[in-house]
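A.B. asks: When the letters of the sequence shown are read in order and numbered with full-length UniProt numbering, they come out as residues 1 to 67. For every residue, glycine included, the Cβ atom is placed at its ideal position computed from N, Cα and C. Questions regarding the structure given below will be posed in turn.
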Amino acid sequence: MSEEHYESTLPDPRPKLSTVCPSCEGSGQIVEPALALLGNVGRTVHHLRPCPWCKESGYLPGLQPLA
Ligand SMILES: [Zn+2]
């Protein structure tokens, strides 16, 4: 009968409450894939759009960090 030993190598958990916008990860812009036709070949292009969640601030409004 052996006892298994699990080492805890996980990093510290991040705080769940973050002011960084989870949609754009703080960049203020989101990448939106779109289908474009080049000739007869459909290709996926990526458009950068202003993040509608944080309004390009990269942070969610109304959620302020407590010092
Ligand atoms: Zn955002």
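Need the endpoints of the beta strand (DSSP E) that Glu32 sits in, please.
C.D. replies: Counting from one through the sequence shown, the residue named residue 32 turns up at place 32. Note, Glu32: beta strand (DSSP E), Gln29 to Leu38.
A.B. asks: Is Gly28 near ligand 1, going by C-beta to nearest heavy atom under 8 Å?
C.D. replies: For the purposes of this step, residue 28 is taken as residue 28 along the sequence shown, with counting starting at 1. Flag set: Cβ of Gly28 near ligand 1.
A.B. asks: Under three-state DSSP, which class holds Gly42?
C.D. replies: In the sequence shown, residue 42 corresponds to position 42, counting from 1. DSSP places Gly42 in strand when its eight states are reduced to three.
A.B. asks: Could you give the distance in angstroms between the alpha-carbon of Ser27 and the alpha-carbon of Thr44?
C.D. replies: To locate residue 27, count along the sequence shown from 1; it is residue 27. To locate residue 44, count along the sequence shown from 1; it is residue 44. Ser27 and Thr44: Cα-Cα distance of roughly 22 Å.
A.B. asks: Mind listing which residues have their beta carbon within less than 5 Å of any non-hydrogen atom of ligand 1? Chain order is fine.
C.D. replies: Selection output, chain order preserved: Cys21, Ser23, Cys24, Cys51, Trp53 and Cys54.
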